[in-house]
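Protein chains in written order, with the numbering used here: chain A, 373 to 667; chain B, 139 to 1354. Structure, as structure tokens:
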Amino acid sequence: MKLVIKDLTKTYKNGVKAIDNLSLEIGTGMFGLLGPNGAGKSSLMRTIATLQSPDSGSIMFGDINVLEDKMALRKVLGYLPQSFGVYPKMSAEALLDYFATLKGVSSKVDRNALVREVLEITNLYDVRKKHVAGYSGGMKQRFGIAQLLLNNPKLIIVDEPTAGLDPAERHRFLNVLREVGTNCTVIFSTHIVEDVKELCTDMAILNGGKILMQATPTQARESLRGKIWTKVVERDELEQMEAMYNVLSSNYNEDNTLNIRVHSDTLPADDFVAAEPQLDDVYFIALKQDEPIDS
Amino acid sequence: MFFTIFTHELRYWLKKPATYIYAAIFFVLAFFMASASAGIFDSVTVTTGSSRIVNSPIGIFNLYNALTIFIFFLFPSIIGISIYRDYKSEMHTILYSYPFSKANYLFAKFFSAIVVVTGIVFVIGIGMFIGFRFPGTNSELVAPFDLQSYLYTYLVYILPNVLLFGAIVFAVVTFTRNIAAGFITIVLLIFIQGLMEGLLSDSDNRALAAMLDPYGASAADYYVRYWTVAEQNEWHLPFKGLIIYNRLLWLGIASLIFGLVYKFFSFSQNAVSFSFRKDKGERSVKRNFGGITKINLPKVSFDYSFLQNLKTMWKLSNMEFLYIVKSWPFISILIVGLIIVLISLSEIGNLFGTPTLPVTWKMLNGGSAFVIAINICTFLYAGLLVHRGNITRMEDLIDVTPIPNWTLFLSKFIALLKMQLVMLAIIMASGMLFQIYNGYYNFEIGHYVYELFVLSFISYAIWAFLSMFVQTLMRNPYLGLFVLIVLAIGMPLLSLAGVEQAIFKYNQGPGYAYSDMNGYGDSFGLYMIYKLYWLFCGLVLLVFTALFWVRGLPDSFKERIQIAKRRLTLKMTILLSVFVIGFLALGFRIYYQNNILNTRISSKESELRTVEWEKTYKKYENAAQPRIVAVKANVNIFPKQLNFDASGEYVMINKTDVAIDSIFLNHNSYPSTFEFDKPNTLVSEDTIYNFDIYELKQPMLPGDSLTLSFTVKNKPNSLLEKNSPVRHNGTFINNFQIFPNLGYNGGELQDNKIREKYDLPPNELKPMPTDSTALGNTYIGKDSDWVDFEATVSTSEDQIAIAPGYLQKEWTENGRRYFHYKMDSKILNFYGFNSAEYEVKKDTWKDVNLEIYYHKGHEYNLDRMMAGMKASLEYNTKNFSPYQHKQLRIIEFPRTGGSFAQSFPNTIPFSEGVGFIADVDETEEGGVDYPFAITVHEVAHQWWAHQVIGADVLGATMLSESLSEYVSLKVLEHQQGKSQMRKFLKEALDDYLTQRTFESKREKPLMYNDGQGYIRYQKGSLVFYAISDYIGEEKLNNALKAYVEKVKFQEAPYTTSVEMVDYIKEVTPDSLQYVIKDMFETITLYENRVADVTSTELENGKYQVDIHFQVSKYRNDEKGKRFFSDNGKDSLQYQSETMKKPEYSVPLADYIDIGIFGEEEVNGVKKETELYLKKQKITQIDNHISIIVDEKPVEVGVDPYNKLIDTNSNDNRKKL
């Protein structure tokens, strides 16, 4: 099923235009929504997740008009917000049973089986009797995945789920997400390019409430083939380089020199060497092009 | 650093709209209360008229303190939040690593919040100040602005309290990091205040309560509780003794709490938590888990049907309910509420130290102390449930599930109702436990269940609707709670502004009352109709709750309104319309009944009518009218239908020496017919005041007679209105309620300031007893002297009907029982009719038949009452005159009709609440045997009212009530000894001194009293007891006997208090004549106290006791102003070195009891023995006396038995 967003706009009371005439099509598979902090990712995801109403525009998921028939979407929606809390003094098992009830699983036997399964998937079965409020960050995120699975969702929205997870937890989390996402649409927002590279079948870059670009990660990289150049420079040369070339990123080497990457259709200078394009380059180019031009 | 944080905090508060909302609410409250008390609404409601200055020092003290109590509810959300904010925003994780000291941090946080709170308190002061003086208030009630009154209240009470409660809340929130905890603390503290007030009712506990009351109000009350009106208007509140100690104690506790906060506070990341399970520290290691899991969710079925949602709603409600009952705010309110209930259960219904049996209705009444707990829990938990998702930040997860809104909010609403049911069940459980504890096993489970789970539950549920709505609108549960508390308290106060009809005030309406005899009577129907009406309103609110229910993250209130509009689908519109129509239809029906079908008379209109009545008809006040000499009545009571119809015949004689050409018939609004046996014309008929004038064709010449035949019945009853005084079981009607009378008979406005407003001459009170032209009427009625009486009363077959007189005949006809009564001697024109299913207990005293008609099950005290009848007959007969009847009956009536007994000729209706269910403790420690005492009093009325009846002038009630009370005291003393007297007198003294402070007009000396209860009962009993002590009981009774002999059954002119006092004066020695003056003719109060006492054992084994004591007395004028001399010149003066001001006294030549008491042990119990008691002549204020006694003295006293009226009876005795 396809998620089609058309001309979506949302302006907050304080004047911030969080979503600016945004249109987007998302098909089955993992969709990465990449953007810096404050780009409007969460606003967009909350709007799709029926938590916010836009000022104008439309969202369709298959036949479901999301803005008109919120209930229909909620039946097939799994949502994991950027941060969430839980009722204190309740165990994972009890909370999941509660969510399963909310999601319409009427039979007790069904609920028990379902809860057991999602606990096992997320590797929380051993701690099912413990209060979720006392979980560590990674466990809590896994609990978030567990509750999201309960209605066997067709559309899954996860908002910056890997922020703050240790590498092992992050891996585990992404694997589960990937597993879940094979048969449905998963929208996955992040500001970590790595996440998208590893998982996503499609991606978009969002900033200032607008989609800057949309492509598959491979396409995006391919489009830059032969346009990314790199060079090792001294620290002092950096400002000069930035003035002369379109510098995308610069990383320190161990000897206090810098590795800079430059975007250019042709070889910028003889001492540059061609580099394999990476997703980071795509991201930085997109953001750079969107920067306000100083007059 | 302190100032950086401090100013930052202040700026935060100044930017917050909530600060201004709070300030505005308090300003409006203060303004409303102050201006209403100063009479700003006089044009729409009753005129506020009183001799009380509303902004007197004590007036400001009371209002300012009362309003400040509301502020405490804001403490959690101002003082608590100030520190909680940093936790909630997780700012503390950063802040606590900054380089400032915890002193800076804590003090800045605390004092910035205190500044905000005191700012709001300041606004209250401004609101009061403006309110008192706002144009439209009555300037006569308002004294000039007095800064000292405001400052005193502010500095001595409010500021220390703000610091104390602020420190407590700050401490609680700091350590628990939980606002609810701070809130509960406030609720508990307010309960403690309630407890202190309970303690205050017993005068022995007052000093303790004064120390312990955290508000300090009890300490102030300790000194001002006996202040008269004049003193209240003028005096500034003291700052001394217990007040200082109390303030120091609590300020100390506040500092201690703050010190503890300082000591134990650390910039740590985790809250202090309490747990009974100590967890072992365990090293936590993550398991290594890589690997890919195959996801294979079991196939389950999803059910989104309506039915399933209903089931889910129930399931969720259980979950929410568990959350409430497991949360400790609930548990702590419950526990403290229970303690209060148990305390009030043991206090309620106590009379003279004797408790009432723990009958079920009493248990339920005691449970009403729980009302506050249930309401506060409802208000609070509505907020905590509505915002539960938001508070825990789980709302996003919930809001995206396919559960309809209604399932969510109804589940919370149902959880709230379940909580209420649990709390109601607790009232039942505690009531039954209390009954078991007291060995009372007559459990009326049905009664408990019906009242708690049907009657009161509906009312609580209606509050739950409003709570859900308000809490849904508000984004902050504590602001919502505050609004709800203001609404709940403010709703009844709207009457002050002229909103009198219950249909305009949420959840208001007639109540219900239970009596063992009559059940809930007819109160049930009307109660339910009003509750149904409010239930519809609640449902309307529920629909609005649905419309405004927050799902997701609306950006602004504007957006919420848009969402609400979108949610108003056809289905919702229909639902809403049905509820609105139901609400309006019922409302209109009630309004129609009260305002169109019946002319509803607002308090204002009623005031205006009283004015017009006086202006139109007072001119006939002294017109000559015939006197009723015989009454024949036929009264038919229909207990099932709650109807009555009656007919009667008055025989009247012109006893004047002029011809009478017009009859002024003053009747009631029941449908009636009147017919005279002489030709006449109705020349004036007044359907508003029901005052008709008949002109006789032939004037009645002196000695002529005239007969009036009349019929009267009630209008048909309807569900919304009951038009008769008949009850299903226990009807009690007197003749003034249903029968007509002759002539203008008063009922005028009393307050002179209000009278002036309507151009009425000042109220003269009744004439003085010395006015010989005013003695033509008794104070019972103006249209008769003594009458012949005969009555036939009928009732349903299962009931007995009673009227004064002897039963001549009893028969049954057409399924109804008839009783014909006839009196053999003349009686006052004052009689009642009773009907109920009675059991009868019979006995005789000499040749007098004694009967008690009682409700089955109320046998507990029949023997005491019977004994009381005999003892009273014996005492009165022996000391005064023979009993005029051959029969005496006590007749029980429901307590819903009042808690009193009333003496009609040979018939005494006696409320079930004042004796039938007393739990008398006959041991020495027990209280007064009041079933016995009240019976003696009422029987004494057969002499003191029904033989000796005073003229309708000032002081008349001394002849009836004070004397009956005197007889009751004396009989009690002879039967049960002097120790019972002390309990009785002490309570009488406290009641007299307390009640006179509420006097709104004027207090007159006993023999000129204007009928106030506290003078004729309490002061009367004290005075007569003291007189009998001074001149001797026998001497006094002989004087009274001679007096009775002269005046009993006399015709006009009637006797007065002056005549009786003259008889007493005659037997009083010259040296004691001053007692008559002090006690009867003036208002005189003593201030007696023992200053110092020492005792030395003499060589002969005796003891010499040296007592240093002071005696002084002063007189009050009718407003309570003090005078120390009768002629303006002579007064005594005394000043010791340590006294700042001299003490004055009216010149003394008084005989005062000096007593010395020892102690002996009888069966292991220590008992007081009297070693010495003698009256000493006292002529100066300061006195020293040496007395030698045989045994070891333990305690001494000046007027140790509190026989004199003394404003501080606690310092009369001193232990050695």
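In this text, a Cβ means the ideal position worked out from N, Cα and C, and glycines have one as well.
- Residues in the stretch 541-560 of chain B with C-beta within 9 Å of chain A's C-beta atoms, listed in sequence order? I541, P542, T545 and L546
- Can you say whether T825(B) is buried or exposed, counting buried as having 16 or more other CB atoms within 10 angstroms of its CB? Position 687 of the second sequence, counted from the first residue, corresponds to residue 825(B). Label assigned to T825(B): exposed.
- Message: According to DSSP, F560(A) sits in a beta bridge with which residue or residues?
- Response: Residue 560(A) sits at position 188 when you count from the first residue of the first sequence. Looking at the DSSP assignment, F560(A) forms a beta bridge with G404(A) and V530(A).
- Is the Cβ-Cβ distance between I801(B) and Q836(B) less than 8 Å? Counting from one through the second sequence, the residue named residue 801(B) turns up at place 663. Counting from one through the second sequence, the residue named residue 836(B) turns up at place 698. No, they are not a contact pair.
- Query: Do S173(B) and the ligand MG come close, with the Cβ less than 7 Å from some heavy atom?
  - Reply: Among the components of this structure there are no ligands whatsoever, and the ligand MG is therefore not found.
- Message: Do M655(B) and G868(B) count as a contact pair if the criterion is CB distance below 8 Å?
- Response: Your numbering for residue 868(B) matches position 730 in the second sequence. Your numbering for residue 655(B) matches position 517 in the second sequence. Cβ distance < 8 Å, so G868(B) and M655(B) count as in contact.
- Message: On the CB-based measure, 16 or more other CB atoms within 10 Å of its CB, does E541(A) come out buried or exposed?
- Response: Working through the first sequence from its first residue, we reach residue 541(A) at position 169. Counting Cβ neighbours within 10 Å, E541(A) comes out buried, since at least 16 surround it.
- Query: Rounded C-beta distance between L435(B) and L549(A)? I'm assuming under 8 Å.
  - Reply: Reading the second sequence from its first residue, position 297 is the one you call residue 435(B). Reading the first sequence from its first residue, position 177 is the one you call residue 549(A). About 15 Å; that fails the 8 Å criterion.
- Item | Close-in-space but distant-in-sequence residues of the same chain around G450(A) (CB under 6 Å, 5 per side omitted) | On the first sequence, residue 450(A) is found 78 positions in, with the first residue counted as 1. L520, P525 and I528, listed in sequence order.
- Query: Residues in the stretch 488-508 of chain A with C-beta within 9 Å of chain B's C-beta atoms, listed in sequence order?
  - Reply: R488, E489, V490, E492, I493, T494, N495, D498, A505 and S508
- Task: Please confirm whether V463(B) and L326(B) have their CB atoms less than 8 Å apart.
- Result: Taking the second sequence and counting its residues from 1, one reaches residue 463(B) at position 325. Taking the second sequence and counting its residues from 1, one reaches residue 326(B) at position 188. For V463(B) and L326(B), no; Cβs fall outside 8 Å.
- Counting along the chain, where does the beta strand (DSSP E) carrying D1244(B) start and finish? Reading the second sequence from its first residue, position 1106 is the one you call residue 1244(B). Unbroken beta strand (DSSP E) run through D1244(B): Y1241 to Q1248.
- At a CB-CB cut-off below 7 Å, which residues of chain A make contact with G628(B)? Position 490 of the second sequence holds residue 628(B). Those do not exist, as G628(B) stays about 32 Å from chain A at its closest Cβ, beyond 7 Å.
- Nearest-angstrom Cβ-Cβ length linking Y729(B) and I600(B), presumed shorter than 8 Å: Counting from one through the second sequence, the residue named residue 729(B) turns up at place 591. Counting from one through the second sequence, the residue named residue 600(B) turns up at place 462. Not quite, the Cβ-Cβ distance comes to about 19 Å (not below 8 Å), so this is no contact.
- Item | Contacting positions in the stretch 476-487 of chain A - beta carbon closer than 8 Å to chain B | G476, V477, S478, S479, D482, R483, A485 and L486
- Query: What is the DSSP secondary structure of F957(B), reduced to helix, strand or coil?
  - Reply: Reading the second sequence from its first residue, position 819 is the one you call residue 957(B). Of the three classes helix, strand and coil, the one that applies to F957(B) here is strand, per DSSP.
- DSSP three-state assignment for T811(B), whether helix, strand or coil: As a working mapping, residue 811(B) is identified with position 673 in the second sequence. Residue state, collapsed to three classes: strand.
- Cβ of K416(B) within 8 Å of any chain A Cβ: Stepping through the second sequence from its first residue, residue 416(B) is reached at position 278. Its pLDDT being 49, under 50, K416(B) is placed unreliably by the model, and the measurement read from it follows with that caveat. It does not; no Cβ of chain A falls within 8 Å.
- Task: Would you tell me roughly how many angstroms separate the C-alpha atoms of D379(A) and I536(B), rounded to the nearest one?
- Result: Stepping through the first sequence from its first residue, residue 379(A) is reached at position 7. Stepping through the second sequence from its first residue, residue 536(B) is reached at position 398. Distance between the alpha carbons of D379(A) and I536(B): 28 Å.
- Which one of W466(B), L673(B) and I564(B) has the shortest CA to CA distance from I719(B)? By one-based count along the second sequence, residue 719(B) stands at place 581. Ranking the options by Cα distance to I719(B), first place goes to L673(B).
- Checking contacts by CB at 8 Å: is Y442(B) closer than that to chain A? Numbered from 1 along the second sequence, position 304 holds the residue referred to as residue 442(B). Yes, Y442(B) lies at the interface with chain A (some Cβ there is under 8 Å from its Cβ).
- Interfacial residues, the stretch 605-622 of chain B to chain A, with Cβ spacing under 7 Å: none
- Query: Are the C-beta atoms of D693(B) and some chain A residue less than 8 Å apart?
  - Reply: Counted from its first residue, the second sequence places residue 693(B) at position 555. Cβ-Cβ to chain A under 8 Å: yes for D693(B).
- Message: Could you check whether K385(A) and G434(A) sit closer than 8 Å to each other, using their CB atoms as the reference points?
- Response: For the purposes of this step, residue 434(A) is identified with residue 62 of the first sequence, where counting begins at 1. For the purposes of this step, residue 385(A) is identified with residue 13 of the first sequence, where counting begins at 1. Cβ distance not < 8 Å, so G434(A) and K385(A) don't count as in contact.
- Over the uninterrupted alpha helix (DSSP H) stretch that includes W751(B), give me the two end residues. The residue given as residue 751(B) occupies position 613 in the second sequence. Its alpha helix (DSSP H) spans residues S741 to Y755.
- Query: Bridge partners of R633(A), per DSSP?
  - Reply: Along the first sequence, one-based indexing puts residue 633(A) at 261. Per DSSP, T602(A) and S621(A).
- Query: Which first and last residues belong to the alpha helix (DSSP H) in which V1213(B) is found?
  - Reply: In the second sequence, residue 1213(B) corresponds to position 1075, counting from 1. Unbroken alpha helix (DSSP H) run through V1213(B): Q1211 to I1214.
- Message: For K416(B), which residues in the same chain have their Cβ closer than 7 Å to its Cβ, ignoring the five residues on either side in sequence?
- Response: Position 278 of the second sequence, counting from 1, holds the residue named residue 416(B). Reliability fails at K416(B), whose pLDDT of 49 lies under 50, so the model's placement of it is uncertain and no value is given.
- Can you grab the Cα-Cα spacing for the pair K453(B) / E566(A), in whole Å? By 1-based counting over the second sequence, the position of residue 453(B) is 315. By 1-based counting over the first sequence, the position of residue 566(A) is 194. Distance between the alpha carbons of K453(B) and E566(A) is about 44 Å.
- What number of angstroms, rounded off, separates the C-alpha of I990(B) from the C-alpha of D1001(B)? In the second sequence, counting from the first residue as 1, residue 990(B) sits at position 852. In the second sequence, counting from the first residue as 1, residue 1001(B) sits at position 863. In a straight line, the C-alpha of I990(B) is about 10 Å away from that of D1001(B).
- Message: Distance cutoff 8 Å, beta carbons only. Does E463(B) sit that close to anything in chain A?
- Response: Against the second sequence, residue 463(B) aligns to sequence position 325. Just to set this straight, residue 463(B) is Val in the shown sequence, not Glu. No, V463(B) lies away from the interface with chain A (no Cβ there is under 8 Å from its Cβ).
- Compare the C-beta of Q446(B) with all C-beta atoms of chain A and state if any pair is closer than 8 Å. In the second sequence, residue 446(B) corresponds to position 308, counting from 1. For Q446(B), the answer is yes, since a Cβ of chain A falls inside 8 Å of its Cβ.
- Message: I'd like to know if E551(A) contacts chain B, where contact means its C-beta is closer than 8 Å to some C-beta of that chain.
- Response: The residue labelled residue 551(A) in the question sits at position 179 within the first sequence. With 8 Å as the cut-off, E551(A) counts as an interface residue toward chain B.
- Give the secondary structure of R1227(B) by DSSP, where H, G and I count as helix, E and B as strand, and everything else as coil. As a first step, residue 1227(B) is located in the second sequence; it is residue number 1089 there, counting from the start. R1227(B): strand per DSSP, three-state reduction.
- Report yes or no: do three or more beta-carbon pairs, one from the stretch 705-717 of chain B and one from the stretch 441-456 of chain A, lie closer than 8 Å? no
- Considering only the beta carbon of each residue, do R500(A) and A472(A) sit closer than 8 Å? Counting from 1 along the first sequence, the entry for residue 500(A) is found at position 128. Counting from 1 along the first sequence, the entry for residue 472(A) is found at position 100. Cβ distance not < 8 Å, so R500(A) and A472(A) don't count as in contact.
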